[in-house]
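Working notes, beginning with the structure itself.
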Amino acid sequence: MPAVGASGVSGGARHLLDGWRFLRRRPGLLVLGIAPALVVFLVLATAWVLLALHVGDIVGWVTPFADDWADPLRGLARVLLAIALLLAAALLASAAFTGLSLLVGEPAYERIWRAVETELGGPVPAEDGVGFVETVRDAVVLTARGVATSALVVVSGVVPVVGPVLGIGAGVAINGRALARELLERPLQSRGYDRAATDRFLARHPREVTGFGVVAQVCFMVPLGAVLTMPAAVAGATMLARDLLDAESAQRR
(Lines of atoms letter the chains of each structure in order from A; the text may use other names.)
(Lines give C-alpha, C1' and ligand atoms only; values in the text may rest on other atoms or scores of the structure.)
Protein backbone atom coordinates (compact mmCIF):
# COMPACT_ATOMS: atom_id res chain seq x y z
CA MET A 41 0.00 0.00 0.00
CA PRO A 42 1.85 3.13 -1.12
CA ALA A 43 1.97 6.10 1.17
CA VAL A 44 1.07 9.54 -0.11
CA GLY A 45 3.80 12.05 0.73
CA ALA A 46 6.07 9.40 2.21
CA SER A 47 6.49 6.92 -0.61
CA GLY A 48 9.44 4.56 -0.78
CA VAL A 49 12.74 4.27 1.02
CA SER A 50 13.77 7.83 0.14
CA GLY A 51 10.43 9.17 1.36
CA GLY A 52 10.92 7.51 4.72
CA ALA A 53 14.49 8.75 4.98
CA ARG A 54 13.41 12.30 4.13
CA HIS A 55 11.42 12.53 7.34
CA LEU A 56 14.61 12.58 9.41
CA LEU A 57 15.61 15.75 7.56
CA ASP A 58 12.11 17.11 8.15
CA GLY A 59 12.64 16.49 11.86
CA TRP A 60 15.82 18.53 11.75
CA ARG A 61 14.03 21.38 9.98
CA PHE A 62 11.31 21.38 12.60
CA LEU A 63 13.78 21.59 15.51
CA ARG A 64 15.88 24.24 13.81
CA ARG A 65 12.90 26.53 14.26
CA ARG A 66 12.61 25.46 17.92
CA PRO A 67 16.11 25.51 19.44
CA GLY A 68 14.70 25.19 22.95
CA LEU A 69 13.17 21.80 22.12
CA LEU A 70 16.40 20.75 20.42
CA VAL A 71 18.46 21.49 23.53
CA LEU A 72 15.86 19.77 25.69
CA GLY A 73 16.06 16.64 23.54
CA ILE A 74 19.86 16.60 23.42
CA ALA A 75 20.35 16.69 27.21
CA PRO A 76 19.16 13.14 28.12
CA ALA A 77 20.74 11.72 24.98
CA LEU A 78 24.09 13.26 25.94
CA VAL A 79 24.02 11.67 29.39
CA VAL A 80 23.31 8.21 27.95
CA PHE A 81 25.92 8.71 25.22
CA LEU A 82 28.68 9.56 27.70
CA VAL A 83 28.03 6.36 29.66
CA LEU A 84 27.98 4.15 26.57
CA ALA A 85 30.93 5.93 24.95
CA THR A 86 33.05 5.31 28.04
CA ALA A 87 32.27 1.60 27.85
CA TRP A 88 33.14 1.53 24.12
CA VAL A 89 36.47 3.31 24.67
CA LEU A 90 37.40 0.78 27.35
CA LEU A 91 36.63 -2.01 24.88
CA ALA A 92 38.74 -0.31 22.18
CA LEU A 93 41.70 -0.05 24.56
CA HIS A 94 41.61 -3.81 25.20
CA VAL A 95 40.32 -5.12 21.86
CA GLY A 96 43.73 -6.49 20.86
CA ASP A 97 43.92 -8.65 23.98
CA ILE A 98 40.33 -9.83 23.52
CA VAL A 99 40.87 -10.79 19.88
CA GLY A 100 44.04 -12.67 20.73
CA TRP A 101 42.21 -14.54 23.50
CA VAL A 102 39.33 -15.66 21.27
CA THR A 103 41.52 -16.70 18.31
CA PRO A 104 44.17 -19.06 19.74
CA PHE A 105 43.65 -21.23 16.65
CA ALA A 106 45.33 -18.51 14.56
CA ASP A 107 48.62 -18.60 16.50
CA ASP A 108 50.15 -21.05 14.05
CA TRP A 109 48.99 -19.24 10.90
CA ALA A 110 51.45 -17.40 8.68
CA ASP A 111 51.99 -13.86 9.95
CA PRO A 112 50.22 -11.87 7.19
CA LEU A 113 47.11 -14.07 7.35
CA ARG A 114 47.08 -14.13 11.16
CA GLY A 115 47.42 -10.37 11.38
CA LEU A 116 44.74 -9.71 8.74
CA ALA A 117 42.25 -12.10 10.37
CA ARG A 118 42.72 -10.52 13.78
CA VAL A 119 42.50 -6.97 12.47
CA LEU A 120 39.26 -7.77 10.65
CA LEU A 121 37.84 -9.44 13.75
CA ALA A 122 38.85 -6.47 15.90
CA ILE A 123 37.08 -4.11 13.49
CA ALA A 124 34.00 -6.34 13.48
CA LEU A 125 34.02 -6.45 17.28
CA LEU A 126 34.25 -2.69 17.62
CA LEU A 127 31.52 -2.13 15.04
CA ALA A 128 29.35 -4.75 16.71
CA ALA A 129 29.82 -2.92 19.99
CA ALA A 130 28.81 0.31 18.26
CA LEU A 131 25.64 -1.35 16.97
CA LEU A 132 24.88 -2.67 20.44
CA ALA A 133 25.52 0.74 21.97
CA SER A 134 23.25 2.30 19.37
CA ALA A 135 20.41 -0.11 20.18
CA ALA A 136 20.87 0.41 23.92
CA PHE A 137 21.17 4.17 23.39
CA THR A 138 17.73 4.45 21.82
CA GLY A 139 15.94 2.53 24.53
CA LEU A 140 17.80 4.19 27.38
CA SER A 141 17.41 7.68 25.92
CA LEU A 142 13.66 7.23 25.47
CA LEU A 143 13.48 5.98 29.05
CA VAL A 144 15.61 8.74 30.60
CA GLY A 145 14.30 11.50 28.35
CA GLU A 146 10.61 10.55 28.35
CA PRO A 147 9.33 14.02 29.40
CA ALA A 148 11.55 15.80 26.89
CA TYR A 149 10.62 13.58 23.96
CA GLU A 150 6.93 13.81 24.85
CA ARG A 151 7.17 17.58 24.53
CA ILE A 152 8.82 17.23 21.11
CA TRP A 153 6.18 14.75 19.99
CA ARG A 154 3.33 16.96 21.12
CA ALA A 155 4.87 20.04 19.48
CA VAL A 156 5.06 18.18 16.15
CA GLU A 157 1.48 16.93 16.51
CA THR A 158 0.29 20.46 17.22
CA GLU A 159 2.09 21.93 14.20
CA LEU A 160 0.73 19.25 11.86
CA GLY A 161 -2.81 20.12 12.93
CA GLY A 162 -5.77 18.01 13.84
CA PRO A 163 -6.57 16.64 17.28
CA VAL A 164 -3.54 15.93 19.49
CA PRO A 165 -4.08 12.66 21.39
CA ALA A 166 -4.81 13.33 25.06
CA GLU A 167 -2.77 10.35 26.25
CA ASP A 168 0.77 9.57 25.16
CA GLY A 169 -0.08 5.86 24.95
CA VAL A 170 3.33 4.63 26.11
CA GLY A 171 3.63 4.03 29.85
CA PHE A 172 6.75 3.71 31.97
CA VAL A 173 6.56 -0.09 32.18
CA GLU A 174 6.18 -0.36 28.41
CA THR A 175 9.11 2.00 27.90
CA VAL A 176 11.33 -0.14 30.15
CA ARG A 177 10.21 -3.31 28.39
CA ASP A 178 10.86 -1.82 24.96
CA ALA A 179 14.32 -0.67 26.07
CA VAL A 180 15.15 -4.22 27.18
CA VAL A 181 13.81 -5.74 23.95
CA LEU A 182 15.70 -3.23 21.80
CA THR A 183 18.94 -3.88 23.68
CA ALA A 184 18.47 -7.66 23.42
CA ARG A 185 17.97 -7.33 19.68
CA GLY A 186 21.14 -5.27 19.57
CA VAL A 187 23.01 -8.06 21.38
CA ALA A 188 21.83 -10.60 18.81
CA THR A 189 22.74 -8.33 15.91
CA SER A 190 26.15 -7.60 17.38
CA ALA A 191 26.79 -11.33 17.77
CA LEU A 192 25.97 -11.75 14.07
CA VAL A 193 28.51 -9.08 13.15
CA VAL A 194 31.22 -10.61 15.37
CA VAL A 195 30.66 -14.11 13.97
CA SER A 196 30.71 -12.80 10.41
CA GLY A 197 34.01 -11.10 11.19
CA VAL A 198 35.87 -14.41 11.07
CA VAL A 199 34.98 -14.77 7.36
CA PRO A 200 37.79 -13.05 5.45
CA VAL A 201 37.03 -9.76 3.66
CA VAL A 202 33.32 -10.17 2.84
CA GLY A 203 32.19 -11.35 6.25
CA PRO A 204 32.50 -8.05 8.13
CA VAL A 205 30.94 -6.11 5.25
CA LEU A 206 27.90 -8.39 5.00
CA GLY A 207 27.54 -8.59 8.78
CA ILE A 208 27.70 -4.84 9.26
CA GLY A 209 25.22 -4.24 6.43
CA ALA A 210 22.77 -6.74 7.91
CA GLY A 211 23.28 -5.27 11.38
CA VAL A 212 22.52 -1.73 10.23
CA ALA A 213 19.38 -2.89 8.40
CA ILE A 214 18.06 -4.96 11.33
CA ASN A 215 18.84 -2.38 13.99
CA GLY A 216 17.53 0.42 11.76
CA ARG A 217 14.13 -1.18 11.42
CA ALA A 218 13.98 -1.86 15.16
CA LEU A 219 14.92 1.78 15.81
CA ALA A 220 12.17 3.01 13.49
CA ARG A 221 9.60 0.80 15.20
CA GLU A 222 10.57 2.14 18.61
CA LEU A 223 10.27 5.75 17.48
CA LEU A 224 7.01 5.24 15.59
CA GLU A 225 5.38 3.48 18.51
CA ARG A 226 4.42 6.65 20.40
CA PRO A 227 2.33 8.38 17.69
CA LEU A 228 0.66 5.07 16.83
CA GLN A 229 -0.11 3.85 20.35
CA SER A 230 -1.40 7.28 21.29
CA ARG A 231 -4.08 6.63 18.66
CA GLY A 232 -5.07 3.30 20.13
CA TYR A 233 -2.72 0.97 18.23
CA ASP A 234 -1.61 -1.91 20.44
CA ARG A 235 1.61 -3.79 19.70
CA ALA A 236 -0.03 -6.20 17.28
CA ALA A 237 -1.80 -3.39 15.40
CA THR A 238 1.44 -1.38 15.31
CA ASP A 239 3.29 -4.33 13.79
CA ARG A 240 0.59 -4.81 11.15
CA PHE A 241 0.65 -1.10 10.32
CA LEU A 242 4.44 -1.02 9.93
CA ALA A 243 4.33 -4.20 7.83
CA ARG A 244 2.15 -2.36 5.32
CA HIS A 245 4.86 0.27 4.86
CA PRO A 246 8.17 -1.65 4.89
CA ARG A 247 10.10 0.65 2.57
CA GLU A 248 9.22 3.87 4.35
CA VAL A 249 9.94 2.39 7.78
CA THR A 250 13.23 0.85 6.63
CA GLY A 251 14.36 4.02 4.86
CA PHE A 252 13.76 6.15 7.93
CA GLY A 253 15.30 3.62 10.34
CA VAL A 254 18.45 2.87 8.34
CA VAL A 255 19.31 6.55 7.79
CA ALA A 256 18.74 7.25 11.49
CA GLN A 257 20.84 4.21 12.43
CA VAL A 258 23.74 5.36 10.24
CA CYS A 259 23.58 8.81 11.86
CA PHE A 260 23.58 7.17 15.29
CA MET A 261 26.85 5.38 14.47
CA VAL A 262 28.71 8.64 13.75
CA PRO A 263 30.54 10.04 16.81
CA LEU A 264 28.06 12.26 18.69
CA GLY A 265 25.60 11.63 15.86
CA ALA A 266 23.21 9.80 18.15
CA VAL A 267 23.07 12.71 20.59
CA LEU A 268 22.35 15.27 17.89
CA THR A 269 20.02 13.03 15.87
CA MET A 270 17.81 11.66 18.64
CA PRO A 271 15.51 14.72 18.96
CA ALA A 272 15.20 14.98 15.16
CA ALA A 273 14.44 11.26 14.96
CA VAL A 274 11.58 11.65 17.47
CA ALA A 275 10.16 14.58 15.49
CA GLY A 276 10.70 12.88 12.13
CA ALA A 277 9.07 9.65 13.27
CA THR A 278 5.98 11.58 14.35
CA MET A 279 5.80 13.21 10.93
CA LEU A 280 6.28 9.89 9.17
CA ALA A 281 3.55 8.24 11.22
CA ARG A 282 1.15 11.08 10.44
CA ASP A 283 1.91 10.88 6.71
CA LEU A 284 1.37 7.13 6.64
CA LEU A 285 -1.85 7.38 8.65
CA ASP A 286 -3.16 10.16 6.39
CA ALA A 287 -2.26 8.13 3.31
CA GLU A 288 -4.19 5.11 4.51
CA SER A 289 -7.14 7.31 5.44
CA ALA A 290 -7.12 8.92 1.97
CA GLN A 291 -7.03 5.54 0.25
CA ARG A 292 -10.03 4.34 2.23
CA ARG A 293 -12.11 7.30 1.08
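For the sequence shown, position 170 matches number 210 in our numbering, and the numbering has no gaps at all.
Glycine included, C-beta positions come from ideal geometry on N, C-alpha and C.
Every value quoted in this text rests on a predicted model; they were computed, and no experiment measured them.
In the structure shown, Gly68 adopts helical secondary structure according to DSSP, grouped into three states. Tyr149 sits in a helix when the DSSP states are folded into three classes. Taken in chain order, the complete alpha helix (DSSP H) segments of 4 or more residues contained in the segment 211 to 244 are 235 to 243. Taken atom to atom, the span from the alpha-carbon of Ala77 to that of Glu159 is near 24 Å. Residue range 265 to 292 is occupied by the alpha helix (DSSP H) that includes Leu268. Taking the Cα positions, Thr138 is about 7 Å away from Leu219.
The three-state secondary structure of Val262, taken from DSSP, is coil. The DSSP-derived three-state label of Gly139 is helix. Rounded to whole angstroms, Ala213 and Val254 show a C-alpha spacing of 6 Å. The count of Cβ pairs closer than 8 Å, one atom from the segment 215 to 234 and one from the segment 243 to 257, reaches three, so the stretches are in contact. Contact between Glu248 and Gly59 fails: their C-beta atoms lie close to 14 Å from each other, not under 8 Å.
In the three-state reduction of the DSSP assignment, Gly48 falls in the helix class, which pools H, G and I. Within the same chain, Cβ atoms closer than 7 Å to the Cβ of Ile152 are found at Leu69, Gly73, Pro271, Val274, Ala275, the five residues on either side in sequence being excluded. In the displayed model, Gly162 falls within coil according to three-state DSSP, outside both helix and strand. Residue nearest to Leu140 within the set Cys259, Arg235, Ala266, Val80 is Val80 (criterion: CA-CA distance). Sorting Leu121, Val99, Leu284 by C-alpha distance to the C-alpha of Arg240 places Leu284 at the top.
With contacts defined as CB atoms closer than 8 Å, Phe260 and Val156 fail to qualify as a contacting pair. If you ignore the 5 residues before and after Val95, its C-beta comes within less than 7 Å of the C-beta of Ala122, Leu125, Leu126, all in its own chain and listed in chain order. The criterion of a C-beta distance shorter than 8 Å is satisfied by Ala281 and Leu224. Val99 sits buried, since 16 or more C-beta atoms from the chains shown fall within 10 Å of its C-beta. Around the beta carbon of Ala148, 16 or more other beta carbons sit within 10 angstroms, so the residue counts as buried.
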